[in-house]
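Remarks on the structure that follows.
Protein chains: 2
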Amino acid sequence: MTRLAIVGFGHIGASIAKAVHADHEIIAIDHDEEVLRKARDRGLAGETSSDLAACRNADTVLLSVPVRTCVTLLEEVLSHMDPAALLLDVASTKGILLAEFHRLAPPVRYVSLHPLAGTERPGIDSANPEIFRGMPFLVLPVQNADEDAHAQVDRMIAACGGRKIQIGSVKEHDAALAVTIHLPHVLACALTHLAEESSQTLSTDIFDLAGRSFRDSTRVASSDIRMVHDFLSTNTGDTAAAIDRLVDHLGRIKKLLVAGNDEELKSLMNAAQKLRGRL
Amino acid sequence: MTRLAIVGFGHIGASIAKAVHADHEIIAIDHDEEVLRKARDRGLAGETSSDLAACRNADTVLLSVPVRTCVTLLEEVLSHMDPAALLLDVASTKGILLAEFHRLAPPVRYVSLHPLAGTERPGIDSANPEIFRGMPFLVLPVQNADEDAHAQVDRMIAACGGRKIQIGSVKEHDAALAVTIHLPHVLACALTHLAEESSQTLSTDIFDLAGRSFRDSTRVASSDIRMVHDFLSTNTGDTAAAIDRLVDHLGRIKKLLVAGNDEELKSLMNAAQKLRGRL
């Protein structure tokens with residue numbers, strides 16, 4: 001049985017523990033004693049510790065803390081790890097973490113993961129392995145990713161019910177995620193503030209006039225601020241570029257609207273409808 | 280029993296028919312004979328017709344066609360209506376329809392409605408009264424809205440399970456909906472096209488890298504094009520203004536990101552989180 005240390009036993013860490021506990025001995029590591037107590041009480045971990053030194057007993061160490069915290073903890077985690085062990089992370093952005101890893105140049109095997117299964121409810125109390133079912137599980141081999149490492153990652157993704165997707169490079173990961181995850185969070189924030197601003201000129205509370213489209217487009221404004229800030233602030237270049245490009249697209253649509261160019265507007269909408277169908 | 284003529288027996292019209300058929304005699308009017316056959320076969324209407332003249336037998340006439348079609352049909356519908364009858368519509372934008380109504384200056388009572396219960400699946404086959412449950416049902420009294428008219432509207436909304444919300448003016452309706460409905464549709468279109476554009480520079484299909492946030496933010500790109508084009512193209516001024524203001528908000532967020540102004544960024548996100556909680 002693989003001995004898996006999960007560093008950070010929050011929503012994602014605890015959900016993965018629930019998904020894989022059948023064939024993994026889990027070591028829960030968290031700075032919060034209350035979280036560790038819950039992990040024990042709920043049978044999510046055979047061993048718990050608030051000390052990163054507990055990583056020394058693991059075949060695999062999974063970093064499941066915000067990316068900035070991954071960077072902060074990395075050197076200490078590596079100092080405890082068996083050089084033959086496998087390092088995994090589930091950070092939302094990869095650039096700064098992989099840069100730090102390469103700077104430290106440790107001997108361990110490393111596969112970087114990213115399950116696209118966020119939720120606006122953080123913490124161990126909302127841990128639920130079903131959040132991964134059918135969702136993309138991005139896989140970016142970083143160093144010495146041998147057959148055994150890949151087999152282990154595959155077993156973990158299978159236990160989660162995720163869809164494995166290989167990513168070409170860290171650059172590609174962060175650029176793509178800027179569009180598919182980070183920008184939607186920026187949009188939700190902007191749209192919510194715009195609605196509030198508009199409310200001030202109306203006799204009705206505009207939040208009473210929201211249908212499903214507004215609800216869905218702003219859902220992630222309810223996300224955990226620390227998590228969102230973490231990925232936005234570690235991917236500012238790509239996110240800023242995505243904002244600029246979206247503004248271009250908005251300008252193009254506005255131009256068609258104002259000009260009454262119905263044919264081109266409809267053709268743009270038709271194309272979007274077809275593209276959305278690919279999801 | 281109220282004799283209710285529903286002009287346009289599509290998704291919304293047929294869903295309302297299902298919700299209110301217990302205490303309404305329904306006359307389904309549609310240009311599509313196949314739709315009328317389904318309305319009869321499914322017991323959704325006691326009488327069906329492809330002729331607007333069937334409105335003459337109704338106590339209440341509900342226009343449930345796209346807003347441009349409402350405008351086109353309005354004069355003929357009114358020509359058949361009993362002057363004491365009640366006119367209702369469920370159009371997505373109100374400006375051009377009410378302007379046409381006031382131009383024609385007919386004697387009928389008129390209350391304009393807008394159930395915020397759209398869906399990306401159009402047509403009678405997806406008719407479902409549950410789409411209205413708990414959703415806002417906007418009410419804008421236009422002319423001679425007496426006690427009887429209000430009582431009838433209230434009964435209808437209650438049968439649908441909607442939440443009645445009085446709107447101050449047509450101007451207010453269209454400005455608010457530009458933010459809460461029309462802009463989210465524009466954003467979904469823009470975001471989908473941006474993703475496609477980004478795909479071209481990546482080795483992975485970016486649509487494979489979409490999590491729930493992208494899914495939710497682009498859901499309405501799958502909406503019926505005719506319906507979306509209908510409301511966008513009849514509310515271009517307000518929608519263009521909403522785009523401009525959203526672009527301002529995006530610029531503000533981008534500036535904070537690029538400057539690494541974490542405190543202000545978090546404070547903006549905190550405020551958005553609280554505002555979103557009002558939904």
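So the sequence lines, in the order shown, correspond to chains A and B.
1 is the number of the first residue of the first sequence in the working numbering; add one for each residue after it.
280 is the number of the first residue of the second sequence in the working numbering; add one for each residue after it.
All residues carry an ideal CB built from backbone N, CA and C; glycine is no exception.
Next item on the list: Could you have a look at A:D146 and say whether DSSP puts it in helix, strand or coil?
Entry: Locating residue 146 of chain A in the first sequence gives position 146, where the first residue counts as 1. A:D146 falls in the coil class under three-state DSSP.
Check: What is the rounded straight-line gap between the Cα of B:A430 and the Cα of B:A424?
Finding: Residue 430 of chain B sits at position 151 when you count from the first residue of the second sequence. Residue 424 of chain B sits at position 145 when you count from the first residue of the second sequence. Rounded to the nearest whole angstrom, the CA to CA distance from B:A430 to B:A424 is 10 Å.
Check: Using 8 Å as the Cβ pair cut-off and three pairs as the minimum, do the segment 466-476 of chain B and the segment 309-329 of chain B touch?
Finding: no
Next item on the list: Could you tell me the distance, in whole angstroms, from the CA atom of A:K94 to the CA atom of A:V170?
Entry: Stepping through the first sequence from its first residue, residue 94 of chain A is reached at position 94. Stepping through the first sequence from its first residue, residue 170 of chain A is reached at position 170. Using only the alpha carbons, I get a separation of about 6 Å.
Check: If we cut at 8 Å on Cβ distances, does B:L392 have a partner in chain A?
Finding: Taking the second sequence and counting its residues from 1, one reaches residue 392 of chain B at position 113. Not one chain A Cβ lies under 8 Å of B:L392.
Item checked: Nearest residue (CA-CA) to A:N57, options A:A158, A:H80, A:D238, A:E76 -> Position 57 of the first sequence holds residue 57 of chain A. That would be A:H80, whose Cα lies nearest to the Cα of A:N57.
Margin query: Is it the case that the segment 132-149 of chain A contacts the segment 109-117 of chain A, given that we only count it when at least three CB pairs across the two stretches are under 8 Å?
Written below: yes
Margin query: Taking a contact to mean a Cβ-Cβ separation below 8 Å, would you say B:L544 touches B:L535 in this structure?
Written below: For the purposes of this step, residue 544 of chain B is taken as residue 265 along the second sequence, with counting starting at 1. For the purposes of this step, residue 535 of chain B is taken as residue 256 along the second sequence, with counting starting at 1. The answer is yes: Cβ separation under 8 Å.
Next item on the list: Verify whether the separation of the beta carbon atoms of B:G402 and B:S343 is less than 8 Å.
Entry: Along the second sequence, one-based indexing puts residue 402 of chain B at 123. Along the second sequence, one-based indexing puts residue 343 of chain B at 64. No.
Item checked: Cβ neighbours of B:L376 in the same chain (closer than 6 Å, five flanking residues each side left out) -> If you number the second sequence from 1, residue 376 of chain B lands on position 97. Same-chain partners within the cutoff: V346, C349, V350, A370.
Check: How about B:T576: is its C-beta nearer than 8 Å to some C-beta of chain A?
Finding: Only positions 280 to 558 of chain B appear in the structure, and residue 576 of chain B is not among them; the question remains open.
Item checked: Pairwise C-alpha distance: A:D238 and B:L525 -> Sequence index remark: in the second sequence, residue 525 of chain B carries index 246 (1-based). Sequence index remark: in the first sequence, residue 238 of chain A carries index 238 (1-based). Going by the C-alpha atoms only, they are around 20 Å apart.
Item checked: A:F231, DSSP secondary structure in three states -> Residue 231 of chain A sits at position 231 when you count from the first residue of the first sequence. When DSSP states are grouped into helix, strand and coil, A:F231 belongs to the helix group.
Next item on the list: Taking C-beta pairs closer than 8 Å, name the residues in chain A that B:R557 reaches, listed in chain order.
Entry: For the purposes of this step, residue 557 of chain B is taken as residue 278 along the second sequence, with counting starting at 1. Here the neighbours are D205, F207.
Margin query: For a cutoff of 8 Å on Cβ pairs, would you count A:M269 as touching chain B?
Written below: Position 269 of the first sequence, counting from 1, holds the residue named residue 269 of chain A. At a cut-off of 8 Å between C-beta atoms, A:M269 counts as an interface residue with respect to chain B.
Item checked: Contact list for A:M135 against chain B, beta-carbon separation under 7 Å -> Stepping through the first sequence from its first residue, residue 135 of chain A is reached at position 135. Chain B residues near A:M135: G490.
Next item on the list: Would you mind sorting B:T497 into buried or exposed? The rule is 16 or more other CB atoms within 10 Å of its CB.
Entry: Sequence index remark: in the second sequence, residue 497 of chain B carries index 218 (1-based). Per the 10 Å Cβ criterion, buried.
Item checked: CB contact check: B:Q552 to chain A, cutoff 8 Å -> Taking the second sequence and counting its residues from 1, the one referred to as residue 552 of chain B is at position 273. Chain A, which has a Cβ nearer than 8 Å to the Cβ of B:Q552, makes this yes.
Note to self: Tell me the DSSP secondary structure of A:P129 in three-state form.
What the structure shows: Numbered from 1 along the first sequence, position 129 holds the residue referred to as residue 129 of chain A. Under the three-state reduction of DSSP output, A:P129 falls in the helix class.
Margin query: If contact is defined by three or more beta carbon pairs under 8 Å, each pair taking one atom from either stretch, is the segment 159-170 of chain A in contact with the segment 19-26 of chain A?
Written below: yes
Note to self: Suppose the cutoff is 6 Å on Cβ atoms and the five residues either side in sequence are ignored; what does the same chain contact list for A:L74 look like?
What the structure shows: The residue labelled residue 74 of chain A in the question sits at position 74 within the first sequence. Contacts found: E100.
Check: B:T471: which of A:A272, A:R155, A:R103, A:V61 sits nearest, CA to CA?
Finding: By 1-based counting over the second sequence, the position of residue 471 of chain B is 192. Out of A:A272, A:R155, A:R103, A:V61, the CA that lies nearest to the CA of B:T471 is found in A:A272.
Check: DSSP beta-bridge partners for B:P394?
Finding: Here residue 394 of chain B corresponds to residue number 115 of the second sequence, with the count starting at 1. Note: B:P394 sits in a beta bridge opposite B:F416.
Margin query: Tell me which residue opens and which closes the beta strand (DSSP E) that A:K164 is part of.
Written below: As a first step, residue 164 of chain A is located in the first sequence; it is residue number 164 there, counting from the start. Element bounds for A:K164: 163-166.
Next item on the list: Could you work out which residues of chain B lie near A:V258, taking near to mean beta carbons separated by less than 7 Å?
Entry: Reading the first sequence from its first residue, position 258 is the one you call residue 258 of chain A. Correct list: T515, A519.
Check: Does the Cβ of A:N270 have 16 or more other Cβ atoms within 10 Å, making it buried, or fewer, making it exposed?
Finding: As a working mapping, residue 270 of chain A is identified with position 270 in the first sequence. Exposed: under 16 other Cβ atoms inside 10 Å.
Next item on the list: Can you give me, in chain order, the residues of the segment 183-206 of chain A that have a beta carbon less than 9 Å from any beta carbon in chain B?
Entry: L183, P184, H185, V186, L187, A188, C189, A190, L191, T192, H193, L194, A195, E196, E197, S198, S199, T201, L202, S203, T204, D205, I206
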